[in-house]
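First up is the structure itself, then whatever we jot down about it.
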Amino acid sequence: MRSSPLKLLCVLISAAAVRADAPANAAEPPAPIDALAAMTTVGPWARQAPPQAYGQDNLWEYIDGAASLFVSYHFATMATATYKAEGVRGVLTVDLYQLPDDLHAYGLYARERAPDVTLEKLGAQGYVTGPACRFVKGRYYAKLALAPPPKEPREHLLLVARDLSSRLTGSDDIPAVLSVFPMHRQMPNTAVFVAADLLGQSALGSGFLVDYDLGLEDPSRVFLHLDATEDGARHAFDKFREFAARRGKDLQPLPGLGDEAFTCDQPYYGPTIVVRHGKAMGGLARSPDTAQGRRLLAQILTRLAAYERSLAHHRL
Amino acid sequence: MQSDTPGRRMTRRDFVRRSAATAVLEGMLAAPSIPAAAQEVAPPGGIPRRRIPKLDTDVSVVCFGSFGLTNPAVLEAALDAGVNLIDTGPGYSEGNAERVIGQVMEKRRDEAILTTKFEKVVDGITKDELLQQLDGSLQRLRTDHVDIMQIPMADSAKVFQVPALYEAFAEAKEAGKVRHLGFSAHDANLGDCITEAIEHDEMAGMVIRYNVMQPPDLDDRLQKAAEAKLAAIVMKVSAGNRDKELQEFAREGDLQTAAVRWALSNPSITSVCCGMLSFADVEKFTQAVQQPVSQADLDLLRRYRVAVDHVYCRNCGTCQRSCPHGVMVKEITRYAMYYRYYGFEREAMRLYAALKPSARAAACTACSGHCAGACPHGLDTPRIMAEAHRMLS
Chain V
1 MRSSPLKLLC VLISAAAVRA DAPANAAEPP APIDALAAMT TVGPWARQAP
51 PQAYGQDNLW EYIDGAASLF VSYHFATMAT ATYKAEGVRG VLTVDLYQLP
101 DDLHAYGLYA RERAPDVTLE KLGAQGYVTG PACRFVKGRY YAKLALAPPP
151 KEPREHLLLV ARDLSSRLTG SDDIPAVLSV FPMHRQMPNT AVFVAADLLG
201 QSALGSGFLV DYDLGLEDPS RVFLHLDATE DGARHAFDKF REFAARRGKD
251 LQPLPGLGDE AFTCDQPYYG PTIVVRHGKA MGGLARSPDT AQGRRLLAQI
301 LTRLAAYERS LAHHRL
Chain D
317 MQSDTPGRRM TRRDFVRRSA ATAVLEGMLA APSIPAAAQE VAPPGGIPRR
367 RIPKLDTDVS VVCFGSFGLT NPAVLEAALD AGVNLIDTGP GYSEGNAERV
417 IGQVMEKRRD EAILTTKFEK VVDGITKDEL LQQLDGSLQR LRTDHVDIMQ
467 IPMADSAKVF QVPALYEAFA EAKEAGKVRH LGFSAHDANL GDCITEAIEH
517 DEMAGMVIRY NVMQPPDLDD RLQKAAEAKL AAIVMKVSAG NRDKELQEFA
567 REGDLQTAAV RWALSNPSIT SVCCGMLSFA DVEKFTQAVQ QPVSQADLDL
617 LRRYRVAVDH VYCRNCGTCQ RSCPHGVMVK EITRYAMYYR YYGFEREAMR
667 LYAALKPSAR AAACTACSGH CAGACPHGLD TPRIMAEAHR MLS
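Just so you know, the protein sequences line up as chains V and D, in that order.
Heads up: the first sequence begins at 1 in this note's numbering, then just goes up one per residue.
Heads up: the second sequence begins at 317 in this note's numbering, then just goes up one per residue.
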């Protein structure tokens with residue numbers, strides 16, 4: 001039976017979180033509703049009414065169809081509150097989501113991050129875009145929005161966001177597992193953690209997607225699924241190979257990369273390299289050529305091994 | 317929502333036992349009828365299509381639901397399979413779903429009918445702000461026009477009366493950026509929204525929740541909408557979120573596809589919006605709609621409905637309105653559900669404690685039960701409140 005990749009990731013991230021921010025994580029993280037209940041005023045901004053809480057079953061009442069994405073990341077609970085400042089146009093809405101772990105919080109945040117944003121020093125990562133501000137910190141994902149926007153929303157948003165961030169416990173670093181993806185040629189703000197159906201493959205479950213500019217018109221896309229067991233990774237690899245054989249063409253084994261690998265031509269992604277090594281299974285879709293793709297994947301596998309060694313060392 | 321023992325979570329055995337106990341009730345519930353087949357085009361071996369009258373276009377009876385979409389290849393596979401209706405919104409991953417769709421629309425725009433939503437339509441919003449929202453969507457979708465631009469989360473007739481909406485629409489239509497308006501809604505005042513939308517010729521369609529748990533009068537409203545040439549694209553056809561309790565059903569058949577076929581047995585419905593995030597989803601839903609609803613589907617859905625009927629709160633708020641003490645019945649019911657079904661015991665208790673003391677169900681212990689019989693769906697509200705208070709306190 002396959003074991004849950006989520007479990008493995010939780011172990012990896014928990015260990016990473018302990019290393020990165022042990023004192024903060026020792027405290028019980030406040031529930032979103034408690035965090036917002038305590039935040040009655042921030043500078044000129046005063047809360048208008050007690051915060052409201054939503055759960056998995058009724059989030060759609062608040063954010064309509066977008067709720068499905070949050071549910072797929074297993075969000076535990078969220079709270080929302082509105083703030084008003086005298087003499088400033090607009091109402092500031094603060095939404096605070098709590099996720100099961102740092103990786104899911106980052107994943108959800110990254111799924112909603114536009115590729116062209118400029119990052120701010122805020123939580124583990126955050127940004128302001130127009131009348132909106134987003135940040136992730138530990139298990140929290142916060143969304144702030146001013147509507148209708150005042151002339152200069154940025155300072156207002158950052159003021160409230162930083163205050164909120166200071167009230168939340170959790171790591172101020174993004175999950176360390178993301179370091180397995182080399183930065184060279186990595187396209188900004190494209191590293192995401194997907195909670196299910198990685199690359200449209202149900203058998204892969206959760207995993208990472210990262211885009212690289214490897215000289216093609218469209219970005220090349222790395223995908224990486226970390227399973228809890230080698231059998232699980234093998235199963236995912238076999239399923240992907242079946243899919244590639246059924247939908248694609250030119251399926252060829254690729255010796256010398258990981259424990260097993262193949263190349264194929266996929267109908268929607270073109271040349272693709274798929275590899276499994278131990279409990280990891282991934283690949284490069286839209287690979288410019290086999291040699292270049294292979295180099296990138298080999299680099300990722302090496303970094304992954306180093307990352308896992310560092311976790312094992314930490315556990316000792 | 318009821319529990320045999322307060323504070324104890326429902327086990328599978330409890331669930332099966334309860335299902336058996338409600339078999340009597342099952343007999344009282346009429347199976348959904350299978351009306352005469354809707355007027356539709358059915359290409360051989362392909363996905364049937366139904367008309368959106370005001371667009372004068374036939375669309376696939378399965379609509380590509382895009383929330384959470386990360387992979388443009390999945391959308392391409394759906395188009396290849398014959399899906400030609402795509403529903404999205406700027407709020408889906410903050411515009412990233414639109415961006416992914418845009419990667420495909422850039423090459424295949426003429427193969428699809430595309431619907432998206434304004435970010436917000438509120439009182440006081442200006443025409444320019446709405447046009448800006450539309451332009452944002454067009455830019456992300458890499459297209460020069462959308463077919464239906466929806467009012468998101470319509471929850472009252474008022475939202476249809478925002479003047480800027482029609483000013484923005486007229487200007488955008490003139491510029492060829494949008495063909496028609498529409499709206500999306502869940503349950504709140506859905507009837508009023510449909511009635512109001514019928515009055516506006518600009519409205520071509522609606523995206524609404526529709527499933528076996530909803531009141532039968534919704535079908536009458538949908539029929540009226542269809543007569544007024546307002547297309548109904550329905551979502552959330554699988555009611556509820558109780559997968560853990562419904563493992564028994566999973567062995568008997570696929571609830572999702574049964575629910576999709578059931579929804580399509582209503583000729584007033586144009587298309588069913590199905591979230592398609594994987595190639596497997598595309599295959600499942602595109603194949604499912606090539607068969608009519610079967611007796612096995614109906615039996616499965618009927619058993620499902622019976623099993624969840626006594627625990628499925630429709631969030632209509634009737635119980636809360638009947639309470640003279642201001643007890644937050646809707647919220648407390650939900651917190652009890654977190655405790656019992658989702659395993660969020662501590663969270664549920666904390667949420668309950670965060671309510672104002674007067675809003676908690678403590679008042680119910682000494683109350684004669686004004687809410688008794690208030691629930692139009694037969695939920696035993698006084699008992700639910702008493703149990704919730706014991707469990708959550």
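Virtual Cβ for every residue (Gly too), placed ideally from N, Cα, C.
C-beta neighbour in chain V for residue i, strict 8 Å
i, result
"T511(D)", "no"
"L593(D)", "yes"
"F434(D)", "no"
"S447(D)", "Per the sequence presented here, residue 447(D) reads as Leu, with Ser not at that position. With 8 Å as the cut-off, L447(D) does not count as an interface residue toward chain V."
"N400(D)", "no"
"Y655(D)", "no"
"R666(D)", "yes"
"H705(D)", "no"
"Y408(D)", "yes"
"G521(D)", "no"
Assigned secondary structure, residue i (DSSP; H/G/I helix, E/B strand, else coil)
i, result
"A347(D)", "Only weak support is given to the placement of A347(D): the predicted model assigns it a pLDDT of 40, under 50, and the value that follows is read from those uncertain coordinates. If DSSP states are grouped into helix, strand and coil, A347(D) belongs with coil."
"H693(D)", "coil"
"A124(V)", "coil"
"M701(D)", "helix"
"Y106(V)", "helix"
"D172(V)", "coil"
"R577(D)", "helix"
"L311(V)", "helix"
"H74(V)", "coil"
Among the options, nearest to residue i - alpha-carbon criterion
i, options, result
"P359(D)", "D374(D), K370(D), G452(D) and I368(D)", "D374(D)"
"V390(D)", "R458(D), I429(D), A596(D) and P468(D)", "A596(D)"
"R637(D)", "A513(D), H686(D), S610(D) and D396(D)", "H686(D)"
"L284(V)", "L311(V), C264(V) and V136(V)", "C264(V)"
"Q606(D)", "L385(D), T386(D), A397(D) and D372(D)", "A397(D)"
"R525(D)", "K540(D), D471(D) and E703(D)", "D471(D)"
"A704(D)", "I402(D), P640(D), R676(D) and K474(D)", "R676(D)"
"D259(V)", "G282(V), A245(V), H184(V) and D250(V)", "G282(V)"
"G507(D)", "P532(D), K436(D) and A394(D)", "P532(D)"
"A407(D)", "F434(D), L534(D) and A544(D)", "It is Gly, not Ala, that sits at residue 407(D) in the sequence shown. Of the candidates F434(D), L534(D) and A544(D), the one whose C-alpha sits nearest the C-alpha of G407(D) is F434(D)."
"D250(V)", "E217(V), F262(V), T190(V) and K137(V)", "F262(V)"
"A105(V)", "R134(V), R221(V), V117(V) and L92(V)", "R134(V)"
"L617(D)", "Q419(D), H516(D), I429(D) and V553(D)", "V553(D)"
Exposure of residue i, with buried meaning 16 or more beta-carbon neighbours within 10 Å
i, result
"S206(V)", "buried"
"Q252(V)", "exposed"
"A347(D)", "Any reading at A347(D) must be qualified, since the residue scores a pLDDT of 40, below 50, and its modelled position is unreliable; no value is offered."
"V357(D)", "exposed"
"K370(D)", "buried"
"D101(V)", "buried"
"M326(D)", "Low per-residue confidence applies at M326(D): pLDDT is 38, beneath 50, and the placement is therefore not dependable, though the value from the model is reported in the following sentence. Per the 10 Å Cβ criterion, buried."
"D119(V)", "Note that residue 119(V) is Leu in the sequence shown, not Asp. The residue in question, L119(V), is exposed, as its Cβ has fewer than 16 Cβ neighbours within 10 Å."
"E242(V)", "exposed"
"Q56(V)", "buried"
"P468(D)", "buried"
"V136(V)", "buried"
"K121(V)", "exposed"
Integer Cβ distance of residue i from residue j, believed to fall under 8 Å
i, j, result
"S376(D)", "I363(D)", "5 Å"
"L96(V)", "P32(V)", "4 Å"
"G591(D)", "G384(D)", "7 Å"
"I549(D)", "S587(D)", "5 Å"
"A110(V)", "F193(V)", "6 Å"
"L296(V)", "V275(V)", "That belief does not hold up - the Cβ atoms of L296(V) and V275(V) are roughly 11 Å apart, past 8 Å."
"T431(D)", "I464(D)", "4 Å"
Chain D within 8 Å of residue i, Cβ atoms only
i, result
"K139(V)", "Rather than Lys, the amino acid found at residue 139(V) in this sequence is Arg. Not an interface residue."
"L157(V)", "no"
"I357(V)", "It is not possible to answer for residue 357(V), since the shown part of chain V is limited to 1 through 316."
"N58(V)", "yes"
"L209(V)", "yes"
"A176(V)", "no"
"V334(V)", "It is not possible to answer for residue 334(V), since the shown part of chain V is limited to 1 through 316."
"S206(V)", "no"
"F243(V)", "yes"
C-beta neighbour in chain B for residue i, strict 8 Å
i, result
"H693(D)", "Reference to chain B is not applicable here, since the protein chains of this structure are V and D."
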